[in-house]
Amino acid sequence: MASRPARILLVSGSTRGASTNTALLRTARDAPPAGVDAELYDGLTGLPHFNPDDDVEPLPPAVADVRARIAAADAVLFCTPEYAGALPGSFKNLLDWTVGGPEMYGKPVAWVNASSSPTRAAKAHESLETVLRTIHADIVPDACRHVPVSRSRVADGLVADPGARAGIAAVLRALASYALARTDWDPASARSA
35 MASRPARILL VSGSTRGAST NTALLRTARD APPAGVDAEL YDGLTGLPHF
85 NPDDDVEPLP PAVADVRARI AAADAVLFCT PEYAGALPGS FKNLLDWTVG
135 GPEMYGKPVA WVNASSSPTR AAKAHESLET VLRTIHADIV PDACRHVPVS
185 RSRVADGLVA DPGARAGIAA VLRALASYAL ARTDWDPASA RSA
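Counting in the working numbering, the sequence shown runs from 35 upward without gaps.
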């Protein structure tokens with residue numbers, strides 16, 4: 035791996051305090067593998083409702099913040115539940131705010147399915163893939179995985195299950211390796227090609 039750590043922004047699609055999705059990402063933040071610097075984004079509920087009329091400079095402060103965090107990251111890892119057969123509204127709101135900026139264009143991204151069954155949340159992840167492809171994010175298939183997290187194996191907001199922790203570390207390593215291999219990639223030149 036490269037001499038500097040990969041900066042990975044972690045984004046949970048859940049607003050629930052006891053979310054297993056957020057617990058998985060907290061664990062990723064608190065115990066990343068070597069070569070990874072992980073930051074957990076926690077401003078989901080502070081984002082204003084998306085309105086294209088407001089997607090102009092100066093951006094609402096919460097929107098400017100999330101875009102700056104995405105821009106500073108080498109990659110973004112999402113972990114989201116499924117609500118009513120789709121992405122949670124507050125999470126989709128965050129994604130909608132990324133459409134008007136260049137930050138997600140070509141950004142390496144992946145997602146983790148933390149549900150107890152690999153088929154649960156499948157519609158949310160299909161929808162997430164559609165959105166990410168639409169905004170031209172660079173989906174890293176090797177880092178998109180099912181890492182089941184049982185609510186009973188979460189202690190103090192962190193995943194205590196050794197198998198799940200190993201799965202989280204494997205996802206981070208795969209995403210970091212891919213992202214750092216692309217450090218010479220210039221999204222501006224890719225857009226103009």
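Think of the CB as a built atom: it goes at the ideal place given N, C-alpha and C, for glycine as much as any other residue. It should be emphasised that the depicted structure is a prediction, and the values quoted were computed from it without experimental measurement.
Identity of the residue in the options nearest residue i by Cα
i: W131; options: V97, I104, L78 and S211; result: V97
i: K141; options: E116, G119 and R167; result: R167
i: A120; options: R185, R101 and A156; result: A156
i: R60; options: G69, A68 and D76; result: D76
i: T54; options: R216, P175, A198 and D108; result: A198
i: A107; options: D88, V143 and G135; result: V143
i: V280; options: V100, A72 and P122; result: Beyond the ends of the chain as shown, which are 35 and 227, falls residue 280; an answer cannot be given.
i: A200; options: A52, A57, P67 and S37; result: P67
i: L78; options: A177, L192, R207 and P122; result: P122
i: G134; options: P92, V188 and L192; result: P92
i: P136; options: V100, H180, S37 and V146; result: V100
i: N250; options: H180, L74, I169 and M138; result: No answer is possible for residue 250: it lies beyond the span of the chain, which begins at 35 and ends at 227.
i: V188; options: L58, L74 and D88; result: L58
Buried or exposed (CB count within 10 angstroms, at least 16 for buried), residue i
i: R50; result: exposed
i: D172; result: buried
i: A118; result: exposed
i: S151; result: exposed
i: T56; result: buried
i: S186; result: exposed
Backbone secondary structure at residue i - three-state DSSP
i: S184; result: coil
i: G212; result: Looking at the sequence provided, one finds Tyr at residue 212 rather than Gly. If DSSP states are grouped into helix, strand and coil, Y212 belongs with the helices.
i: R103; result: helix
i: S53; result: coil
i: A98; result: helix
i: R154; result: coil
i: I202; result: helix
i: P142; result: strand
i: D172; result: strand
i: V45; result: strand
i: A177; result: helix
i: N85; result: coil
i: L111; result: strand
i: A120; result: strand
i: V70; result: strand
i: L192; result: strand
Presumed contact (8 Å Cβ cut-off) between residue i and residue j, rounded CB distance
i: G69; j: P39; result: 5 Å
i: P182; j: S149; result: 7 Å
i: A177; j: L209; result: 4 Å
i: A62; j: I202; result: 5 Å
i: D64; j: L192; result: 6 Å
Query raised in the report: Using 8 Å as the threshold, is the stretch 39 to 55 in touch with the stretch 111 to 123, meaning 3 or more CB pairs across them?
Result: yes
Query raised in the report: If you pair each beta-carbon of the stretch 123 to 137 with each one of the stretch 79 to 87, do three or more pairs fall below 8 Å?
Result: yes
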